[in-house]
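Heads up, the thing below is written out as C-alpha cells.
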Amino acid sequence: MSLKLTLHTSPDVPLEAPCLNPDTLAGMTADIVAAQKVMHGNQAASVGDFFKVAGKANGTLELEGDLSRVKYIGAGMQSGILNVTGNVGQHLGAGMSGGDIRVDGDAGDWVAPEMRGGRVTITGNAGHLVGGAPRGSAIGMLGGEIIIHGNVRNETGHAMRNGLIAVGGTSGDFTGVNMLAGTIIVLGDMGNRSGAGMQRGSIVSMNPAEMLPTFTHACVYRPEFLRLLLLHIRSAGLPVNDDHIEGAYDRWCGDVVEVNRGEILLLNGA
Amino acid sequence: MYIKLAGGTVYDPVHGINAEKRDIYIHDGQITRKPNPDVRIDKTYDLGGKVVMAGAIDIHTHIGGGKVNIARLMLPEDHQKDPVKKTALTRAGCGHAAPTTMTTGYRYAEMGYTACFEPAMLPINARQAHMEMADIPMVDKGAYALLGSDDFFLRMLAANKGREAISDYVSWIINATQAIGIKVVNPGGISAFKFNQRKLNLDDKNSYYNVSPRQVLKSLASAVRELGVPHPLHVHGCNLGVAGNDQTTLDTIQAADGLPMHLTHIQFHSYGTEGDRKFSSGAARLAEAINENHNISVDVGQILFGQTVTASGDTMMQYEGHWHAHPKKWVIMDIECDAGCGVVPFKYRDKNYVNALQWAIGLEMFLLVNDPWRIFLTTDHPNGAPFTTYPHLIRLLMDRSFRNDMLSTINKDAAAASILGSIDREYTLYEIAIMTRAAPARSLGLRNRGHLGSGAAADIAVYDDLKNREKMFAKPCYVFKDGELVVEKGKVCKVINGGTHTLKPGYDKTIEKTLKRYFDDYQTVKLNNFRIEDDEILEYGNSSLIEQPCL
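Sequence lines, in order, name chains B and C. Its first residue numbered 1, the first sequence is counted upward by one per residue in the numbering used here. Its first residue numbered 1001, the second sequence is counted upward by one per residue in the numbering used here.
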C-alpha cells in the first residue's frame, strides 16, 4: 500500500510543505511522516497537524483534500509518483528534476517553476507563470513536460529554456514571454502579446491570435515535428483532433526586439 | 545608570590616546568623566586586555535608495544562497551582496559599526531612501544628496546664475531631502548619457547644456564650502573604471583648486595605460598627489574577490560595464529630471589580470597614502565587495605576511605588475581607529561621534586583541550603541533603532518661488510633497533626528 495523506484541518494561512514529495518521505513510516516539519505561516508545525497519514512510503505518494493553501508540494522531486486528488497551491513541483505529478483538480500560480525534468499533469486549471522563472531570474523551466487540461493564466512559460508546456484550454496574456527556447502548445485561445521578447522556441495555437508588430509572417506550411508532438499530447489526454494534425500552420517569426529566432505557429483555418 | 568599562586598552585618536589602559564611564547614553566616588556604578565590564575603540563609521556604503531594491529584485540567487534564519531577537533576512534591510543592520553592528552613510540619494528618491534606511536597525544613518546631473542645476549653470543662487539651491536640497552632504557622480555625465554621449572627460561639454564636468565640480565644491557643510563635496569622478583615468583624477585634484574635496572609491579611478595589456596601476602617482594636497580626502572602494553586484548612479559607466555582467543581466534606469542609475552584477576573479590588479591597486592606495586622517576604509559596498569583507580587508592592511600570501595566489602577471609586494607598511590599530572611526566622524562633522571623550555618544566597540585581525574585527566582544549593550560575542543581543544625521544650512527662501514654478512644469511631484519634514524621519521608525551643526 502506498503512503496516503488526507487533509483533516485546512490551514488558516498558507502552509509551506516542500517535504511532501516521494523522495523525502521514502521509506518512512506513518508516524515519522506525521512528524515532518512544515511552516504554517511563520510558525513551525508538523505534517500530522494537518494531515491524516496512512500506509508506508513505497515511491508513490497520494494526497487528498483541498490543498489550495499548501505550497511547494513536490518541490525538488527527483523520482517517484505523486497523485493529488483536489486542488493544490502555489509552487507545485518547484525545481523538480524527475518523477511524475498528477493533480485531479486546479493548481495555483507557479506550477513547476525552474523545472528540470519529469512530468506534471493538471486535469483542471492552473494559475499564472506555469513553468516560469522566479522574479529577477533570467531562466525558467529547463526541461520536462507540463500538461494542463484546463486553462492557464498569464505569463505561461515565462523565460523557459527547454521542455514542453501543453494547455488544453485557453491561456492568458504574455504566453511565452521572454522564452529562450522550448515549446508551448495552447489548443484554445491565447491572450494578448504572445511571445513578447521571445528569443527562440515555438508557441503553437489552434485559434487565431493577434500578433505583436514585432513578429513577421513567414509562410504557411505543415511542420513535421508538430504532428509527432500533437500525437504525443493526444495520448496524454488532450483534445487534439485530426484537423490539428493534418492542418497547415501560419508561421510567424519574432520577437524582432530580441534575436528573432522564435516562431509562433497558428492553425490556418482557411 | 552608570556603566563602567574597566581597564580596556583604549584607542582614541581624537584625544591622542594610543593603547592606554583607561576606564570609561557611561551615563545616560553618553560618555562622561569619572563620577564622584559616592556615585553607584550599576554595571562594570572588566575589559582587561581587550581593545576599546569608538563605534566604527562607514562613510560610503550603498544601503538605501532605489538601486539597492533593483539589485534585490534582480538577484533571487543572491537571496537563495544566503538565507538568514530568524531568532528570538532578530528577524529573518537574506542576501550576500544586497542583503535585506534588517540583515544589513545586524551584520554591521556585529562588526562593531554604529553609523553608516548612504552616498547616492537622488533627491526625488529621498523619501524612499529614508524609509528604507529607517528599516535598518542597530546603526545611525545619513545620506548625501546627489546633484550635478540634475536638470535644474545644469540649467542654472548654463545660464551663468550667480554663486549665491546655486548655493541657495544646494542648501535647499540638503534641507528638503534631509541629507548631510552633497555627492556628485560623473559630473554632468549622467545627463550627457541621456543625450547620447558615451564619454565625458573633465573638460568635455555636455552637448545639451554646454557645461563641462570641471564647471560642475567647481560650482558644487564652492557651494558646499560657502554653506559650511562639514563634509567636503563627495566626488565620484569622470571615467570610472577606464584605463588611463589616473590622469583624469589628477586633473580633478587640480580642478579642486584648493577647495576641500572627497574623492570616493579612488581605486576605480587609479588606472594607467602602461604595459602590454594597457592596464596598469596609477596608485603611486595618485597617492603622491593626495599626500601633497591636504584639501583632498579619499576612500578606497577596495575590491575583494567573489560575486557581488555593482550599483551606481553612473549610468554612462554602468552601461559600459554591462558587457561584463555576471550573471548576465543588468538594469540601466532613468530617474526623471534628477539623474539615473545602473545595476550590474559582477564577479571579481583573482585569476583575471584586470581584477587581480584592481585588488592590488586598492591596497597600494591604502598603503601609499601616508595620512590615515584622509583615507577611509570602504569597499564601496556592494560595488567592490560586500561590507562583510571589512575584517578581511583590515587584516590585509595590518598583516604584511598575510598580504603577501594572498598576493602570491592572484594572477601572476598582475602580481608582477604591482609594487604591492615591495611595500612593508603595516597599519597599526591606532591607524585603523583613525581611518574607520575618528577620521570619518571628523570629515562628516559628527561632533559627538568617533571618539571616546566626555560628551560623546556612547557608541563603543570592544574587541579581543587577537593576532588574527580578521577574526578580531569580525567578532567584537561587546558593542554599545548610545550606552546600551547591543552586541555580545559578535551576536546581536538587543535590537534598537538608530537615528538619522542631518544638516540644516541656511538659504534664501525666495528660491522656492523659482523652484515651485519648475516643479509645476517639469517634475512628477509638487514642491510641497517633495520636501521631507522632520516628523516624517521619526514616523518611518528612526529613533531620532540628529541635527549636526554647520561650520
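Here a beta-carbon is modelled for each residue, glycine too, at the ideal position from N, C-alpha and C.
My output table needs one value for T1514 (chain C): the three-state DSSP class, helix, strand or coil.
helix
With DSSP run on the structure shown, which of helix, strand or coil describes T1103 (chain C)?
helix
What residues from chain B crowd round K1329 (chain C), counting only those whose CB sits closer than 9 Å?
G136, S137 and A138
Taking P1076 (chain C) as the query, report the chain B residues whose CB atoms sit under 9 Å from its CB, ordered along the chain.
A133, P134, R135, G136 and S137
Looking at the unbroken alpha helix (DSSP H) that takes in D242 (chain B), where does it start and where does it end?
D242 to E246
Can you name, in chain order, every residue of its own chain whose Cβ lies under 8 Å from the Cβ of T216 (chain B), other than the five neighbours on each side?
W252, C253, G254 and V256
Continuous beta strand (DSSP E) assignments of at least 3 residues falling wholly in the region 1282 to 1307 of chain C
1296 to 1299
Within 8 Å of any Cβ in chain B, is that where the Cβ of L1089 (chain C) sits?
no
Based on the DSSP output, what are the partners of D1012 (chain C) in its beta bridges?
C:I1017
Could you give the DSSP three-state label for W1330 (chain C): helix, strand or coil?
coil
Just confirm the distance between the C-beta atoms of L1240 (chain C) and D1314 (chain C), as a whole number of angstroms; I'd bet it's less than 8 Å.
6 Å
Flag this pair as yes or no: are the beta carbons of I1434 (chain C) and P1476 (chain C) separated by less than 8 Å?
no
CA-to-CA distance, M39 (chain B) to V70 (chain B), given in whole angstroms:
10 Å
What separation, rounded to the nearest whole angstrom, lies between the Cα atoms of G131 (chain B) and I264 (chain B)?
18 Å
In chain order, what residues of the same chain have a beta carbon less than 7 Å from the beta carbon of H244 (chain B), not counting five sequence neighbours either side?
M206, L230 and L267
Would you list the one or two residues that DSSP bridges to V1462 (chain C)?
C:V1052 and C:Y1478
Around the C-beta of H1294 (chain C), are 16 or more other C-beta atoms found within 10 angstroms, so that it is buried, or is it exposed?
exposed
Measure how close the beta-carbons of N1206 (chain C) and A1192 (chain C) come, nearest whole angstrom, since I'm counting them as under 8 Å.
5 Å
List the residues of chain B whose Cβ lies closer than 8 Å to the Cβ of L1073 (chain C), in chain order.
R135 and G136
Close-in-space but distant-in-sequence residues of the same chain around M190 (chain B) (CB under 6 Å, 5 per side omitted)
S171, T175, S205 and A209
Within 10 angstroms of the Cβ of F1473 (chain C), are there 16 or more other Cβ atoms? Answer buried if so, exposed if not.
buried
Span of the alpha helix (DSSP H) holding K1194 (chain C)?
G1189 to K1194
Straight-line CA distance for I1290 (chain C) to Q78 (chain B)?
60 Å
At which residue ranges does the region 202 to 265 of chain B contain complete alpha helix (DSSP H) runs of 4 or more residues, listed in the order of the chain?
224 to 235 and 242 to 246
Rounded C-beta distance between G182 (chain B) and L164 (chain B)? I'm assuming under 8 Å.
7 Å
Could you give the uninterrupted runs of the beta strand (DSSP E) lying entirely in the region 1122 to 1208 of chain C, keeping only those of 3 residues or more?
1140 to 1147 and 1181 to 1185
Could you spell out the range, first to last residue, of the alpha helix (DSSP H) harbouring T1252 (chain C)?
N1245 to A1256
E1292 (chain C): which of C:K1412, C:A1311 and C:V1369 sits nearest, CA to CA?
C:V1369
Who are the near neighbours of T9 (chain B) in its chain, counting only those whose CB is closer than 6 Å to its CB and skipping five residues on each side?
F50
Measure how close the beta-carbons of K1050 (chain C) and G1008 (chain C) come, nearest whole angstrom, since I'm counting them as under 8 Å.
5 Å
Please identify the residue among C:L1146, C:D1246 and C:T1090 whose C-alpha is closest to the C-alpha of S1280 (chain C).
C:D1246
Helix, strand or coil for G80 (chain B), going by three-state DSSP, please let me know.
coil
Would you decide whether G1112 (chain C) is buried or exposed? Buried here means 16 or more other CB atoms lie within 10 Å of its CB.
buried
Would L1304 (chain C) pass as a contact of T1379 (chain C) if the rule is Cβ separation under 8 Å?
yes
Inspect the CB distances between the region 1073 to 1086 of chain C and the region 1016 to 1024 of chain C and report whether three or more fall short of 8 Å.
no
If I measure Cβ to Cβ from I81 (chain B) and keep anything under 6 Å in the same chain, skipping five residues before and after, which residues do I get?
T60 and D100
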